[in-house]
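Student: I have a structure I would like to understand better, so I am pasting it below and will then ask my questions one at a time.
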Amino acid sequence: MTGFMTSTTSPAPSDRAPTSTTFSRALGIAALVGIGWLIVFGLFLSPNDRVQKTGVRILYIHVPSAWLAYLAFGVTGLSSVAYLWKRTRSLTWDRIAGASAEVGVLFMGITLVSGSLWGRISWGTYWTWDARLTTTAFLFVTYIGYLAVRGLGGTHQQRAKRSAVLAILAMLEVPLVHFSVTWWRPLHQNETVENGKLSGLMLFTLFVGIIAFTLLYVWLVLHRQRVLTLLDQVDDQGLDVAIVERRNEVVNAQEVSP
Amino acid sequence: MIGMLYAPYVIGSYVVTFVGIGLYTLRILAQARKAAGQVPLQDRPWS
């Protein structure tokens, strides 16, 4: 039995899922169950809205994904502060910031696409340059830029420092996007939940979406942060090999020269 | 139930969302497997 479990033809469990732990597996299962509930309630069990009709079902993924993007960019900003603060400086904060920004960009993209589809139903157009949509698109592009800056060369510390400064500046855009609906009164509707526009099964479905997406966010950031740790270690190994090779070249050159 | 009038938009938004999340998840897991082959078990703080 033991021989079967450690067979050389199949990888060890740690290599099949190298970034998972018991906690992350439980979290992943909980997120999957939540998403299943969201699909069932969002598409089948919740009623149509009196005004928006079927279009309200898009809000069950649009609102949670927007909330997740805000949360993700907030975590990126706070992790960047933790990195820049000398007492808590650690590359782990930088990796959490990078992982959270990536997941935030994913959810912001989902927010834009689902919002466009909802806009086509409600406004008759996929896109309009109103304050909420424009600031959201600007936030999306800003964090794509942040990810590009993370990919520039240099040491891990250089990457962490420059991206942390950018993340703190970018975080200032989040309240601008959120409050744009009250400051400029654009075409986009203002807060659905805070104004009590949803109730009963519709409100329940929205909260299922928020909880499911939040669990998914934690799972994704946890795994992505661990992948970034592995990639940094692979980078360090490559650097160590290059230093040894360079030293050997110098030693060989000294031995050959008279 | 979903009315037929807006069904393509509603279903499309769910498909884009979950296919996008699914592809990103697969990318993370593939990168993890690839990188883990080069990093010994004792260098993974979570394991």
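For the protein sequence lines, the chains are E and A, in the order given.
The numbers in my numbering rise by one with no breaks, and the one at position 171 of the first sequence is 201.
The numbers in my numbering rise by one with no breaks, and the one at position 12 of the second sequence is 13.
Even glycine gets a Cβ: it sits at the ideal position worked out from N, Cα and C.
Since the model is a prediction, treat every value here as computed from it, not as a measurement.
Among E:Leu196, E:Leu177, E:Ile69, E:Val204, whose alpha-carbon lies nearest the alpha-carbon of E:Gly104?
Tutor: For the purposes of this step, residue 104 of chain E is taken as residue 74 along the first sequence, with counting starting at 1. Selected option, being the one with the closest Cα: E:Val204.
Student: Measuring alpha carbon to alpha carbon, tell me which residue in E:Trp157, E:Val211, E:Leu68 is nearest E:Ile240.
Tutor: As a first step, residue 240 of chain E is located in the first sequence; it is residue number 210 there, counting from the start. Comparing Cα-Cα distances from E:Ile240 to each of E:Trp157, E:Val211, E:Leu68, the minimum goes to E:Leu68.
Student: Would you kindly report the start and end of the unbroken alpha helix (DSSP H) that includes E:Thr165?
Tutor: Position 135 of the first sequence, counted from the first residue, corresponds to residue 165 of chain E. Per DSSP, E:Thr165 belongs to the alpha helix (DSSP H) from 161-180.
Student: From E:Arg215, E:Gln82, E:Ser110, E:Ile126, pick the residue whose C-alpha is nearest to that of E:Leu228; which is it?
Tutor: Counting from 1 along the first sequence, the entry for residue 228 of chain E is found at position 198. Of the listed residues, the one whose Cα sits closest to E:Leu228 is E:Gln82.
Student: Using a Cβ cut-off of 8 Å (strictly closer), state whether E:Ser130 contacts chain A.
Tutor: Residue numbering aside, residue 130 of chain E sits at position 100 when the first sequence is read from its first letter. Chain A contact via Cβ: absent.
Student: Which whole-angstrom value describes the C-beta separation of E:Ala242 and E:Tyr176, a residue pair presumed to lie in contact below a C-beta threshold of 8 Å?
Tutor: Position 212 of the first sequence holds residue 242 of chain E. Position 146 of the first sequence holds residue 176 of chain E. Actually they are not in contact, since the Cβ atoms of E:Ala242 and E:Tyr176 sit about 26 Å apart, beyond 8 Å.
Student: Between which two residues does the alpha helix (DSSP H) harbouring E:Ala131 extend?
Tutor: Locating residue 131 of chain E in the first sequence gives position 101, where the first residue counts as 1. Note, E:Ala131: alpha helix (DSSP H), 121-152.
Student: Distance cutoff 8 Å, beta carbons only. Does E:Ile295 sit that close to anything in chain A?
Tutor: Absent from the model: residue 295 of chain E. The displayed extent of chain E is 31 to 288, so no value can be given.
Student: Could you run through the region 71-94 of chain E and flag, in chain order, every residue whose CB is less than 8 Å away from some CB of chain A?
Tutor: Cβ contacts with chain A: Gly72, Leu73, Phe74, Asn78, Lys83, Thr84, Gly85, Arg87, Ile88, Ile91, His92.
Student: Using the C-alpha atoms, what's the distance from E:Lys191 back to A:Tyr25?
Tutor: Start at 1 with the first residue of the second sequence, and residue 25 of chain A comes out as number 24. Start at 1 with the first residue of the first sequence, and residue 191 of chain E comes out as number 161. Rounded to the nearest angstrom, the two C-alpha atoms are 26 Å apart.
Student: What residues of chain E sit near A:Leu6, judged by a beta carbon separation below 8 Å?
Tutor: Residue numbering aside, residue 6 of chain A sits at position 5 when the second sequence is read from its first letter. Within 8 Å Cβ-Cβ: Lys83, Thr84.
Student: As a quick exercise: from E:Met201, E:Ala47, E:Thr122, E:Leu75, pick the residue whose alpha carbon is nearest that of E:Gly107.
Tutor: Here residue 107 of chain E refers to the residue found at position 77 of the first sequence. That would be E:Met201, whose Cα lies nearest to the Cα of E:Gly107.
Student: Determine the direct distance from the alpha carbon of E:Val195 to that of A:Val11, and round the result to whole angstroms.
Tutor: Counting from one through the second sequence, the residue named residue 11 of chain A turns up at place 10. Counting from one through the first sequence, the residue named residue 195 of chain E turns up at place 165. Each residue's Cα considered, the two are about 39 Å apart.
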